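Contents: one structure, followed by commentary.
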Amino acid sequence: MGSNGKRDQIVNAGAKVFAKVGYHKATVEDILGEAGAARSTFYSYFSSKRDVFTAAVSGIMEDILGLLAPGIDDAIARFTAPDLPPPDEAELERRLAAIMTDVFHYIAKNRSMTKVFLHELVGVDDEMTALFIDFQERVTDEFERLIVFGEGIGIVRDLSARRAAEFVVGGLIHLGRNLSAGLWKDDIEGVSAGFVDLQLNGLLVRG
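What the sequence shown shows, in my numbering, is residues 1 to 207, in sequence order.
Structure representation (C-alpha cells):
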C-alpha cells in the first residue's frame, strides 16, 4: 500500500488502527488521529470507516496478486523458452518456492494489517466475506492456469486442475494466517520450499 496524497495517508492510517484495535472497535476518530487529518478531509474521500477498511484490504489483495501473477507468468515463460534447454523439476520447485517466499515475506512485512485481512475480513458482513472469497478465487485462478499448463506439457498428471489449485490455495492461506498471527516467524524460505515439495511430491514414499 503506497502513499499517494491525503487519501492514501488516511488509508495507511486506517490500516494501522484496524491492525491495532480490530475493525469493529476502530472509529473514524481513531483514524483521524492516526492520520493527522481533518474530518472534512476524511469525508472528502470516504463516507465511513468501512470505506477505509475496504480500500486497505483491497490494497493487500492487489499486492498479493501482483506477486503471484508475474511469478507464474515467469515460470510458464521459462518452460516455453525455445532458446533455452528444458528446465527440470528442481527448477520448477525453486521457482514456485520463490513465489511463495515473496508472498510470505509480504505478509510478514505487513503483519499487522495482513492479520486483520486474513482473520477478520470473513465475518464482518456478507459483502466483506464475498470480497475475501473473490480474492481466494482469483488466487485459485492463478494456480489453476499453472496446473493446466503443466498438464499440457506433460509434467503434471491428469487431474482436476481446479481442485488441485484449491488445495494449494488452502494451504497457502492457512500458512499465511499463522504467519500473520505470529505463530511462525523464521525461515520463510525453508517453509516455502517444504510447502512446494509437499504440493508437488505428496506424502508417500515413491519407488
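Note that beta-carbon positions come from the ideal geometry of N, C-alpha and C, so glycine has one too. Every value quoted in this text rests on a predicted model; they were computed, and no experiment measured them.
Limits of the unbroken alpha helix (DSSP H) element including residue i
{"i": "Gly59", "result": "49-79"}
{"i": "Lys20", "result": "5-21"}
{"i": "Leu204", "result": "Run containing Leu204: none; DSSP gives neither H nor E here."}
{"i": "Gly170", "result": "161-180"}
{"i": "Ala35", "result": "28-35"}
{"i": "Phe46", "result": "Phe46 -> no alpha helix (DSSP H), and no H or E assigned at all."}
Option in the options with minimal Cα separation from residue i
{"i": "Asp186", "options": "Val122, Arg145, His105", "result": "His105"}
{"i": "Leu159", "options": "Phe46, Pro85, Val148, Glu34", "result": "Val148"}
{"i": "Ile10", "options": "His24, Val168, Ser40, Ala108", "result": "Ser40"}
{"i": "Glu166", "options": "Leu146, Pro70, Leu179, Gly152", "result": "Leu146"}
{"i": "Ile76", "options": "Ile99, Thr54, Ala55", "result": "Ile99"}
{"i": "Asp88", "options": "Gly176, Ile155, Lys16, Gly14", "result": "Ile155"}
{"i": "Val124", "options": "Gly22, Ala15, Ile107, Asn12", "result": "Gly22"}
{"i": "Ile31", "options": "His119, His24, Lys49, Tyr45", "result": "Lys49"}
{"i": "Ile151", "options": "Ala164, Val139, Gly66", "result": "Reading off the sequence shown, one finds Glu at residue 151, where the question assumed Ile. Taking only the C-alpha atoms, the option nearest Glu151 is Ala164."}
{"i": "Ser192", "options": "Glu91, Val17, Leu67, Thr101", "result": "Thr101"}
{"i": "Ala211", "options": "Leu175, Asp141, Ala13", "result": "Any question about residue 211 goes unanswered here, given that the chain covers just 1 to 207."}
{"i": "Leu183", "options": "Ile107, Arg138, Pro82, Leu84", "result": "Ile107"}
{"i": "Arg157", "options": "Thr129, Arg177, Leu179, Gly202", "result": "Gly202"}
{"i": "Gly71", "options": "Phe143, Phe42, Arg177", "result": "Phe143"}
{"i": "Asn178", "options": "Asp74, Leu118, Asn12", "result": "Leu118"}
{"i": "Ala69", "options": "Ala19, Gly176, Val139, Glu189", "result": "Val139"}
{"i": "Ser180", "options": "Pro86, Asp197, Thr129, Asn110", "result": "Asn110"}
Cβ-Cβ separation, residue j to residue i (assumed contact under 8 Å), whole Å
{"i": "Val57", "j": "Leu121", "result": "6 Å"}
{"i": "Pro116", "j": "Ile64", "result": "The question names Pro, but residue 116 is Val in the sequence shown. Their Cβ separation, rounded to whole angstroms, is 14 Å, which puts Val116 and Ile64 out of contact at 8 Å."}
{"i": "Gly171", "j": "Phe195", "result": "6 Å"}
{"i": "Lys6", "j": "Ala37", "result": "7 Å"}
{"i": "Glu34", "j": "Lys16", "result": "6 Å"}
{"i": "Val168", "j": "Gln199", "result": "6 Å"}
{"i": "Ile173", "j": "Met113", "result": "Between Met113 and Ile173 the Cβ distance is about 16 Å, and since that is not below 8 Å, they are no contact."}
{"i": "Phe18", "j": "Phe53", "result": "6 Å"}
Proximity test, Cβ basis, 7 Å: residue i and chain C
{"i": "Ala75", "result": "Within the model displayed, chain C is absent; a lone protein chain is all it includes."}
With a floor of 4 residues, list each alpha helix (DSSP H) that falls wholly inside the segment 79-150, ordered by position along the chain.
As far as the segment 79-150 is concerned, its whole alpha helix (DSSP H) runs of at least 4 residues are 89-109, 111-120.
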